[in-house]
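*Asks:*
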Amino acid sequence: MKVTKHIENANGKTLFSFEILPPLKGQNIQSIFDSIDPLMEFKPPFIDVTYHREEYQFKELPSGLLEKKIVKK
120 MKVTKHIENA NGKTLFSFEI LPPLKGQNIQ SIFDSIDPLM EFKPPFIDVT
170 YHREEYQFKE LPSGLLEKKI VKK
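Have a look at this one:
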């Protein structure tokens, strides 16, 4: 069901939803289910799994220098 339909059917009742981040590439989808399961008791009309742009992680090299690594989700 579309978000607009949920709002239309709310009949003046307050609605809320959750927005969660997807797991990093190569990681298990189980982390999404682990995040969603505790939220289900609140019966949200929808849960949005959003997408964020790449992030940077820094790894310390044996020489003591930092290596900048781009992490795409």
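Residue numbers (our numbering): 120 to 192. Glycine is no exception: its CB is placed at the ideal position from the N, C-alpha and C atoms. Just so we're clear, the structure is a prediction, and the values are computed from it rather than from any experiment.
#1: If you check the beta carbons only, do residue 142 and residue 150 fall under 7 Å apart?
#2: In angstroms, rounded to a whole number, what distance separates the CA positions of residue 174 and residue 188?
#3: I'd like the span of the beta strand (DSSP E) that includes residue 165, first residue to last.
#4: If you measure between the beta carbons of residue 138 and residue 169, is that distance less than 7 Å?
#5: Based on the DSSP output, what are the partners of residue 137 in its beta bridges?
*Replies:* So, from the listed chains and residues:
#1: Counting from 1 along the sequence shown, the entry for residue 142 is found at position 23. Counting from 1 along the sequence shown, the entry for residue 150 is found at position 31. In this structure, residue 150 lies closer than 7 Å to residue 142 by Cβ.
#2: Position 55 of the sequence shown, counted from the start, is the residue given in the question as residue 174. Position 69 of the sequence shown, counted from the start, is the residue given in the question as residue 188. Looking at the two C-alpha atoms, the distance is approximately 8 Å.
#3: On the sequence shown, residue 165 is found 46 positions in, with the first residue counted as 1. Residue 165 -> no beta strand (DSSP E), and no H or E assigned at all.
#4: Within the sequence shown, numbered from 1, the residue matching residue 138 stands at position 19. Within the sequence shown, numbered from 1, the residue matching residue 169 stands at position 50. Taking 7 Å as the Cβ cut-off, residue 138 and residue 169 qualify as a contacting pair.
#5: Your numbering for residue 137 matches position 18 in the sequence shown. According to DSSP, which records beta bridges pairwise, residue 137 is partnered with 166.
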